[in-house]
Every structure is written in C-alpha cells, then in structure tokens.
Amino acid sequence: MKTCRVGLLATAMFLTAAVAWVTPVTGQATQSDEITGVVMSGNGPEEGVWVIAETDDLGTRFVKTVVTGDGGRFLIPELPEANYQVWVRGYGLVDSEKVDATRGTDIELQATVAASEAEAAKVYPANYWYSLIEPPDASEFPGTGPSGNGIATSLQNQGQWIDIQKQGCMLCHQLGTQIVREIENIDEFESTLTAWDHRVQMGQRGGQMSNVMNRFGRQRGLQMFADWSDRIAGGALPPVPPRPQGIERNVVTTMWEWGTEIDYIHDEIASDKRDPTVNANGPVYGVNISNDELAILDPLTHIATNLEVPLRADPATVRPMIGASMPEPSRFFGEEVLWNDPANPHNPMMDQKGRVWMTSAIRGRENPEYCQEGSDNKYAQYYPMANSGRSAVYYDPPTEEFVMIDTCFGTHHLQFAEDDDNTLFFSGGGQVVGWINTDVYDETGDEQFSQGWCPTVIDTNGDGVITKPWTEPTAEGAFEVDPSKDTRVGSLDKFRRAYGVIPHPDGSVWITRRFPVPGQLIRLELGDNPPETCKSEVYEPPYDPTGDPDAWGYGPRGLDVDRDGLIWTALGGSGHFASFDRSQCRVLNGPTATGQHCVEGWTLYPTPGPRMKGVKGTANADYHYYNWVDQFDALGLGENVPIATGTSSDALLALLPETGEWVTMRVPYPLGFYSRGLDGRIDDESIGWQGRGVWASFNTGSTFHLEGGKGATSEIVQFQIRPHPLAN
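For reference, each letter of the sequence shown is one residue, going 429 to 1156 in the numbering used here.
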C-alpha cells in the first residue's frame, strides 16, 4: 500500500534558479490542440510536477493541468482555442513565472527550485500543515471539565475529541490552509488564544463554529489551535508530501469557474449513477446552497449559468437565514449578510431522463395533515411525522422548469434504486428513511400517494418482525436494549440525523449515522408491505477504546455500494476508507445485535496522509466528507473502484481494492480543493480515455480561504486518467 510519508527532499533541491522562458527544444510532434514541452530546473528534468495552463478568454475561467513524466516531458491535450499562461508547480519548487503560449506550441519551462524547506512547503496540501496540530494525549481522557483538565466530561477517549476536530471543525472548510493556520493580525489581540476565540465567532458561520469549540471544552480546544498556530509561526514545518508517481502521473484535470466569491456550491452531478452514459457531453449541475441557485456548466461552450431554485411559501416562513445574527463580523465582509438561503438546496442527483433532483426546503417545518397523527395515510398511522425540513425538487432541462414535491420526512442525501419504479430514497430526518416512487409521481402528480417512509427499528427480541411498542432512543441517538422489545435507532437532533444513503442490489436501503461515536451503518429492509414489514439492522465500525487503537474506525459519512453488493463508507473521523460485507456476519438480529456484533464484516483501509502529532491509533490529518464507487469504470481505473474525497488534502483518493494501492488525484491549483461529492460520466467510450471522466467541485463554505483569498470562486473539475503522461 502506498504511503504519503517520505523523507525530506535532498538539500540540493533547495537552490535558486532562473526565471521561466519559452523555447522549442523538445522536438516532439505537437498536434493543433495541444501544448507540449519539458520542465527543467537547476537539478535537471523535473518529473512528477504539475504543468498548468489557464485562460480567461473563454466563457468562464478555464484551467487544465497535467503531470510531467519521464525526462520532465509533458503534453496538455484537448485545449480549446485561446491564449494561455503556462507555468509549473511542484513539491520542492516554487511556482515558476507564467509564460504565454497557444495551442500547437512546444515549449521548455524552466522551474525554480525552492531555496529552503519553508519556501517549498507553501504549496503543500492543507492536511500536511494540519498534521502539526496536537490533540490532548490519550492518557488525559476521560475529560474532567473546566475545573480539571479542561476537556469536556462528555469526551471519554481521544477518538471522540478527534471526531469533533474532523466532523465539527472541518465540516465547512479546510483547516490547514494558510489563512487558517497563520494569524496575520495577531497584533490586534492579547494572545494567540484570544485571536482564535475571536476568529471562531466571525461571519455567518460564527455561531456554529463557536458551538463546536464548546464541545471540546472551550478553553482547551482554543489552546490546541493556538499552540498549533504558535508553533507554525515559530518555524515548524510539515512532512514533505510525495510527488505523483505511477498512475498518478497520468491524471489530467480540467477546471471551470462556475460561482462567485459569495457562492457556496455544495456538490455536483453529471450523470445517472445507474447509467453513466445519461447526459453524455451535457451540462454539469451543482447546488448553490448559500444563495438558492442551481449552478450549470456547459463544458462544450465553457459557459456557466445559474438558475433560482423556487419555494412554495414566503421565504420568511420557510427557514431562518444562516447567520442573520453573527457573533463577530466577517474578516472580509464585515456585517454584510452574504448568504440568502431559505431553500438551502443540497445534494443533486440525476435520473434516467436527465432530470436533476435535489433536497431543498419549499415551505415551513409544519407538515401537511396527511403526514400527521390522525391521518388515514398508512405511513402516518404507523409513524406520524409532525414536521420536516427539506423536501424534494427537480429541474427538467428540456422545459427549464422546477417541480416541487412536498415530503412528510426531512431530506438530506438522495439516491435512486435500480428497480422498476425508479424509487428515490432519502436520508435526512434522523427518525425515518423516506422515498418517492418517481414513476408513480410522473403518472399521477400525487405527492401523498407516491411517497412512503419507515422508522429504523431493529429486531432486538429476535422474533423476525417489528412489534410495537419499541424502545425509543435518546435525543442524542443513544439507546438502551430491552431484550423483550424491539429498538428504534435514530435521533431527534438535526445534527445527528441520518446522513449517507444507498439502495443495495438485494433491495434493502442503507444509511449512515455519524453520531454518537463510532457511528453506524443502518440497513432497512422494506419487506412486501411497508411500513408494517420494515425491519432494520445496525452495524458499527470496529471500536474498542480499551483495545488496540490501530484497529479502530469511527465517523461513517459517505456511503456507496459496488456491483457485488459490498458497502463502502468514508470514515470522516478516523481517516479510513472502510468496506462492509454483511455476508460475513454470524449474527444479524437479537439482543446482542446492537452494533459491535459483526466486526468481522469490516475491512479498514487507512487513507494516505500524515498523522496528527501525538495521536494514538491510525487517525490521520485527512478528512473524508463523502465517497463514491465507480461501478462502470467511468474514470478508467476499472469497475467497482471506490473513491473517497480527500477533502482536506486537495485530492480525490481512489483505492484499488485488489492491491490496496492508493491513487491520489491532486488538484494543485488553486490550493484549497475541498470536495464533498463526486460522480462519473461516460461521454463516448469509443474514443478511449478522452470520453470518460469523474467530476467533483470546490465545495468550501469559505471561498475566501482558497488560494487567492477574497475574490476566489468555486470551480468544477473533471478528472481523467490517460494511458501515459504524453497521451493525447
């Protein structure tokens, strides 16, 4: 298995060098839509560095990036006609000067070797810098509160603390970027600690960030971050990341700008997960969660547009605007309220017709009467729902119309099943798994008749059916087992709701729950007469705080399945990619089937990246927001290849399951690639790698944290794998 730890670069790499120039010296044949050449430095040819071509001549900003191969040679393929600036970025180098080039030219780029390790480290991924942070030692847990060691008494072990660092603090943006790790205005504060206390309260997310800090034990959490910044200010440097090797040198990324500096585009969709040829060569769609728009990029015309996502009700009655009252003004925008998001659209998904479905609020929280107790709706009679959050909305490209569908259950993520009814399943409410039979809705337009939901109740008494009354969970999601009763797993707390969702080939539906640590996978079997026949099972990642921490895993977030039925989940807390094979379980239900009863079904793959200082166990400095399985080889690494978002490492991380090898697909520019979701599309499989690709986008909630600072925008990126670094 590959690792992202390497020794320090040789001292000889830190030499000064000349500026960049253009000269046709490589002699390689260059086609009319390519730029070719070689990268040289004072050390000779530079292999495994990025060559970046960017232009503002098209409908929106366009950037294409390749990696140099043997002898430092490169080929940037399939460039639209424009005037480009071409330059080099690589580990051990400082950025070269930008040179002008057009298609069909063959150039030499002279790279500049870093004069020091500190100069080289400026372009390292955020998680390498974040690895310098030092959580409290494992021996300090459990926490004893403000009058003791300052750690919150709710935190029983180091893993729970780290889970907050990942799934609390990293939830909206990277934490190792320069703007976060350094405090430029430190002179305005009494100490680094007071500076951190101020900065976690700034802007429209200030209330949320401040509340997360309280979960550590506020002063102890602030001290950890302050110590991190102080050590970096004192010259501490991260480990050196490796340059791309092997397959990683075959990666081609193409990037388009598709949002403004105040747009928080949450994630994207390019095709139907069940058939990646749907929408071939068509637009890519993203949800602008902060300003209630559908972002659209046409990769053929290079034009980005945005459409307003509608509501049914007065915006003031739908949901409160995020950060309308902020604890401290934003560093860049003062008290200006940037986000206006009553709809708060989230997680797009495409169906077989090319329609773009999303979870989006359309009304206030109180549900229609047919959802509630006293209704003749069979689902409401079984488990009434008094209120909900987001519902469902789809956009139909041919008609350019949005259609809103009211749901009794809250929605968050969504996935289509491969069934005859094109059933769309949702996570989100925390109490139930809901669905819409989209074929029935298309035929009838009846919101009530086309939807259903089931609470997630496990068969604790082992009689094969779910029987009322069952044992209820606490608001935080914990539960106690009564062997004579079945047990509902779930939560009323919106931050502990069901998260990822995926229909399984066997007809079941799986969801993730992130909290409480270690988190859960929940399997829902609908049976032949839901909701009465619905039955759930619960599985937790291996987690034994008294045992070997290298065997722990915690924090399942993303969720997907391969064509063979193997479940894959990104463990956002512990920094693993994990697979789960239910067929390995000896126990499925009964009084002992409460989560830790099938550790034999799990396989944990530590993701590449450095560990944080002083961490006991495998937890690394990377954070994985979500994951996806390339079931149909849309990328070119093979079928059933799972890919995790290296959300804090500027990368997508593909795992080759047969060998355990990682393929890190880095976005080197602009620094700060923060991905939440991804999917693949096959535009034309007859033309090879050029007709395939995976799509992901910059999904940070703070675009001003990206390289470039205020004014930086969200981007959409296509990843492709070619046969070798000079393939065209």
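Backbone N, C-alpha and C fix where the C-beta goes; we use that ideal spot for every residue, glycine too.
Buried or exposed for Glu968, please, with buried defined as at least 16 other CB atoms from any protein chain shown within 10 angstroms of its CB. buried
Quick one: is Asp485 buried, meaning 16 or more other Cβ sit within 10 Å of its Cβ, or exposed? exposed
Residues near Gly499 by beta carbon distance below 6 Å, same chain, minus five either side: Pro473
Given Thr493, which residues of its chain have a CB within under 6 Å of its CB, disregarding the five upstream and five downstream residues? Trp478, Ile480 and Thr681
Report yes if the CB atom of Pro1096 is closer than 7 Å to the CB atom of Glu1135, and no otherwise. no
What's the C-alpha gap between Asn709 and Leu728? 7 Å
How far does the beta strand (DSSP E) with Lys492 in it reach, from first residue to last? Phe490 to Val495
Going by beta-carbon coordinates alone, are Glu696 and Arg489 separated by less than 7 Å? no
Gly435 to Gln1146 span [Cα, whole Å]: With a pLDDT of only 29 at Gly435, under 50, the local geometry of the prediction cannot be trusted, and no value is derived from it.
Where do the ends of the alpha helix (DSSP H) carrying Ile607 lie? Gln606 to Arg609
For the putative contact between Ser816 and Gln809, defined by C-beta atoms under 8 Å, what is the C-beta separation to the nearest angstrom? So it is not a contact: roughly 17 Å between Cβ atoms.
Tell me the DSSP secondary structure of His1152 in three-state form. coil
Do Arg671 and Gly497 have their C-beta atoms within less than 7 Å of each other? no
In the structure shown, what three-state DSSP assignment does Asn775 receive? strand
Tell me, to the nearest whole angstrom, how far the beta carbon of Lys594 is from that of Gly1001; I am working on the premise that it is less than 8 Å. 5 Å
What are the boundary residues of the alpha helix (DSSP H) that Val861 is part of? Where Val861 is concerned, there is no enclosing alpha helix (DSSP H), although the beta strand (DSSP E) it sits in stretches over Val860 to Asn865.
Pick from Thr581, Asp703 and Glu908: whose alpha carbon is nearest that of Ala1062? Asp703
Flag this pair as yes or no: are the beta carbons of Asn555 and Ser1103 separated by less than 7 Å? no
Nonlocal neighbours in the same chain, by C-beta distance under 6 Å from Thr961, ignoring five residues either side: Gly955
My assumption, with CB atoms under 8 Å, is that Met598 sits in contact with Tyr982. Please give the rounded CB distance. Wrong, their Cβ atoms sit about 15 Å apart, outside the cutoff.
Give the DSSP-derived three-state secondary structure of Met1040 in the structure shown. coil
Beta-carbon contacts of Ala412 that lie in its chain and below 7 Å, excluding the five residues immediately before and after: Examination of residue 412 is not possible in this model, given that the chain is present from 429 through 1156 alone.
If contact is defined by three or more beta carbon pairs under 8 Å, each pair taking one atom from either stretch, is the stretch 786 to 799 in contact with the stretch 738 to 749? yes
Give the secondary structure of Asn585 by DSSP, where H, G and I count as helix, E and B as strand, and everything else as coil. coil
Using only alpha-carbon positions, find the residue among Tyr811, Asn850 and Ile1071 that is nearest to Lys781. Asn850
Which whole-angstrom value describes the C-beta separation of Ile561 and Lys1044, a residue pair presumed to lie in contact below a C-beta threshold of 8 Å? That belief does not hold up - the Cβ atoms of Ile561 and Lys1044 are roughly 15 Å apart, past 8 Å.
For Glu1089, write down the residues that DSSP places opposite it in a beta bridge. Leu1084
For the beta strand (DSSP E) that Val784 lies in, which residues bound it at each end? Val784 to Ser788
Using the C-alpha atoms, what's the distance from Gly862 back to His1004? 28 Å
Counting only the same chain and skipping the five closest in sequence on each side, list residues whose C-beta sits under 6 Å from that of Thr705. Ile1110
Less than 6 Å between C-beta atoms, sequence neighbours within five positions excluded: which residues of the same chain meet that for Asp720? Val737, Asp769 and Ala771
C-alpha distance - Val679 paired with Thr572, whole-angstrom precision: 49 Å
What is the DSSP secondary structure of Gln513, counted as helix, strand or coil? strand
In terms of alpha-carbon separation, which member of Ser878, Tyr1033 and Asp910 lies closest to Gly890? Asp910
Could you confirm whether any beta carbon from chain C is found closer than 7 Å to the beta carbon of Ala554? Included in the structure is just one protein chain, with no chain C present.
Run through DSSP, which three-state label would Thr1141 get? coil
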